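S.K.: In full-length UniProt numbering, the protein residues as written are 1 to 301.
1) Would you kindly report the start and end of the unbroken alpha helix (DSSP H) that includes residue 111?
2) Need the endpoints of the beta strand (DSSP E) that residue 251 sits in, please.
3) Is it buried or exposed, residue 201, if we count other Cβ atoms within 10 angstroms and call 16 or more buried?
4) Out of 169, 188, 265, state which residue places its alpha-carbon closest to the alpha-carbon of residue 281.
5) Which word fits residue 34, buried or exposed, when buried means at least 16 other C-beta atoms lie within 10 angstroms of its C-beta?
6) Buried or exposed for residue 254, going by 16 or more other Cβ atoms inside 10 Å?
7) What do you get for residue 266, buried or exposed, if any count of 16 or more other CB atoms within 10 angstroms of its CB means buried?
8) Determine the DSSP secondary structure at residue 66, reduced to helix, strand or coil.
9) Please name the residue, chosen from 67, 149, 163, 132, that lies closest to residue 273 on a Cα-to-Cα basis.
10) I'd like the list of long-range same chain contacts for residue 244, defined as Cβ closer than 8 Å, with 5 residues on each side in sequence excluded.
11) Assuming residue 143 and residue 173 form a contact by the criterion Cβ under 8 Å, report the distance between their Cβ atoms to the nearest whole angstrom.
12) Which one or two residues does DSSP pair with residue 259 in a beta bridge?
13) When the Cα atoms are used, what is the spatial distance from residue 161 to residue 276?
14) Assuming residue 120 and residue 278 form a contact by the criterion Cβ under 8 Å, report the distance between their Cβ atoms to the nearest whole angstrom.
15) Compare the beta carbon distance of residue 136 and residue 184 with 8 Å and say whether it is the shorter of the two.
16) Checking 8 Å against the spacing of the C-beta atoms, do residue 124 and residue 179 come in under that value?
17) Distance, Cα to Cα, residue 76 vs residue 69?
18) Would you decide whether residue 225 is buried or exposed? Buried here means 16 or more other CB atoms lie within 10 Å of its CB.
19) What three-state label does DSSP hand residue 210 in the structure shown?
20) Less than 8 Å between the beta carbons of residue 126 and residue 176, yes or no?
21) Just to confirm the assignment: which complete beta strand (DSSP E) runs, minimum length 3, are found wholly within the stretch 170-203?
22) Could you check if residue 182 belongs to the surroundings of the ligand ATP, using beta carbon to heavy atom distance under 7 Å?
23) From residue 3 to residue 66, what does the alpha carbon distance come to, in whole angstroms?
24) Specify the secondary structure class of residue 126 as computed by DSSP and reduced to three states.
25) Can you give me the C-alpha to C-alpha distance between residue 149 and residue 130, rounded to a whole angstrom?
26) For my contact list, residue 269 and residue 166 are in at a C-beta cut-off of 8 Å; report their separation, rounded to the angstrom.
27) Could you tell me which residues DSSP pairs with residue 274 in its beta bridges?
28) Hey, would you say residue 258 sits closer than 8 Å to residue 192, going by beta carbons?
29) For residue 251 and residue 78, I'd like the C-alpha separation in whole angstroms.
30) Ignore the nearest five residues each way along the sequence and tell me which others in residue 210's own chain have a CB closer than 6 Å to its CB.
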């Protein structure tokens, strides 16, 4: 596309150069008779004008795109930082024992049902649900979980095995959930499974300062181990007759740390425990009946 500008000019070429730039495309129109005038049509390229206009638009578009990108990045960083701070505050606020939501009781009114009962119940064997390892040199007490995963045709399978590993460098954290109703007399037992790598050792059992469940949904309970509260007993591997008994309220949790004594040199316990294996072996609780047995006077026994 192009257009013509009708310009009256003198017959001198020098005067034209004074009015128009050298790069202008100039074409002299034919000299019409009777007019005595010369007309010059100056052809201006619209493509060049459009190119310059588009260049200016593209420059402005690139500039504002950069500004928008920087603003979006700054906003994303701000929102991410504030959300992390808020989540940290929320987790800290809601992981205290007074604020935590406990599991609802499934044994409502069983005390009334068993008020006149003369039944006795056999002991229960209770294995720890959570078993973690921590490094004794790590001041943050970060917990890790060992597992024996297996890749199969249907995917990765995690067997129900728990690693009990106790050395001078590694301690093991175990957590038990007190199961069933009226079985609130607990005894902490231990035995070494066959074909283990354990050596004769003395192991300290520390009660940890935590009363809630270790769960990824409860703050940082599953990331770092709680501090030690008190030393409750020692275990000898291979085991002897010594056990530790305590009251274990139903539907609550007991968490222990199994560690080598600070002055021990030959402490090493290393085995995998399976709660389905026979004979029973590993670290486990035996829960016995704690509710009183009421004899019905109408009973002949």
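By construction, the Cβ of each residue, glycine as well, lies at the ideal position given by its N, Cα and C atoms.
Bear in mind the structure is a predicted one, so any value in this text is a computation, not a measurement.
M.R.: Per the coordinate set shown:
1) On the chain shown, residue 111 is found 111 positions in, with the first residue counted as 1. Looking at the DSSP string, the run of the alpha helix (DSSP H) that includes residue 111 is 110-113.
2) As a first step, residue 251 must be located in the chain shown, where it is residue number 251. For residue 251, no beta strand (DSSP E) segment is defined, and its DSSP state is neither H nor E.
3) Translated into positions along the chain shown, residue 201 becomes position 201. So residue 201 ends up on the buried side.
4) Translated into the one-based positions of the chain shown, residue 281 becomes position 281. Comparing Cα positions, the closest option is 188.
5) For the purposes of this step, residue 34 is taken as the residue at position 34 of the chain shown. The pLDDT assigned to residue 34 is 47, lower than 50, so where the model puts this residue is not dependable; a value taken from the coordinates is nonetheless given after this. Result: exposed.
6) Locating residue 254 in the chain shown gives position 254, counting from the first residue. Buried: at least 16 other Cβ atoms inside 10 Å.
7) Stepping through the chain shown from its first residue, residue 266 is reached at position 266. Label assigned to residue 266: exposed.
8) For the purposes of this step, residue 66 is identified with residue 66 of the chain shown, where counting begins at 1. Reduced to three states, the DSSP call for residue 66 is helix.
9) In the chain shown, counting from the first residue as 1, residue 273 sits at position 273. Comparing Cα-Cα distances from residue 273 to each of 67, 149, 163, 132, the minimum goes to 163.
10) Start at 1 with the first residue of the chain shown, and residue 244 comes out as number 244. Excluding five sequence positions before and after residue 244, the CB atoms of its chain that fall closer than 8 Å to its own CB belong to 187, 188, 205, 232, 233, given in chain order.
11) Here residue 143 refers to the residue found at position 143 of the chain shown. Here residue 173 refers to the residue found at position 173 of the chain shown. Confirmed, about 6 Å.
12) On the chain shown, position 259 is the one that residue 259 refers to. Note: residue 259 sits in a beta bridge opposite 204.
13) Here residue 161 corresponds to residue number 161 of the chain shown, with the count starting at 1. Here residue 276 corresponds to residue number 276 of the chain shown, with the count starting at 1. Pairing residue 161 with residue 276, the inter-Cα distance amounts to about 9 Å.
14) The residue labelled residue 120 in the question sits at position 120 within the chain shown. The residue labelled residue 278 in the question sits at position 278 within the chain shown. Not really, about 24 Å apart at Cβ, beyond 8 Å.
15) The residue you call residue 136 lines up with position 136 of the chain shown. The residue you call residue 184 lines up with position 184 of the chain shown. It is not a contact, given that the beta carbons lie outside the stated cut-off.
16) One-based indexing of the chain shown puts residue 124 at position 124. One-based indexing of the chain shown puts residue 179 at position 179. Annotated as proximal: residue 124 and residue 179, with beta-carbon spacing under 8 Å.
17) Taking the first residue of the chain shown as 1, we reach residue 76 at position 76. Taking the first residue of the chain shown as 1, we reach residue 69 at position 69. Straight across, the Cα-Cα distance linking residue 76 with residue 69 is about 10 Å.
18) As a working mapping, residue 225 is identified with position 225 in the chain shown. A buried status is given to residue 225, since no fewer than 16 other beta-carbon atoms sit within 10 Å of its beta-carbon.
19) Position 210 of the chain shown, counting from 1, holds the residue named residue 210. Here residue 210 carries a coil assignment [DSSP, helix/strand/coil].
20) Here residue 126 corresponds to residue number 126 of the chain shown, with the count starting at 1. Here residue 176 corresponds to residue number 176 of the chain shown, with the count starting at 1. Yes, Cβ-Cβ distance for residue 126 and residue 176 is below 8 Å.
21) Those beta strand (DSSP E) runs which fall completely within the stretch 170-203 and span 3+ residues are 170-177, 185-191.
22) The ligand ATP is absent from the structure shown, which contains no ligands of any kind.
23) Indexing the chain shown from 1 puts residue 3 at position 3. Indexing the chain shown from 1 puts residue 66 at position 66. Model confidence at residue 3 stands at a pLDDT of 43, short of 50, so the residue's coordinates are unreliable; what they give is reported in the following sentence. Rounded to the nearest angstrom, the two C-alpha atoms are 38 Å apart.
24) Start at 1 with the first residue of the chain shown, and residue 126 comes out as number 126. Looking at residue 126 - three-state DSSP - the assignment turns out to be strand.
25) Here residue 149 refers to the residue found at position 149 of the chain shown. Here residue 130 refers to the residue found at position 130 of the chain shown. Rounded to whole angstroms, residue 149 and residue 130 show a C-alpha spacing of 16 Å.
26) Position 269 of the chain shown, counting from 1, holds the residue named residue 269. Position 166 of the chain shown, counting from 1, holds the residue named residue 166. About 4 Å; that satisfies the 8 Å criterion.
27) Walking along the chain shown from the start, residue 274 turns up at place 274. Per DSSP, the beta-bridge partners of residue 274 are 161.
28) Residue mapping note: residue 258 aligns to position 258 of the chain shown, counting from 1. Residue mapping note: residue 192 aligns to position 192 of the chain shown, counting from 1. One thing to note: residue 258 has its Cβ no nearer than 8 Å to the Cβ of residue 192.
29) As a first step, residue 251 must be located in the chain shown, where it is residue number 251. As a first step, residue 78 must be located in the chain shown, where it is residue number 78. About 42 Å.
30) To locate residue 210, count along the chain shown from 1; it is residue 210. The residues are 226, 255.
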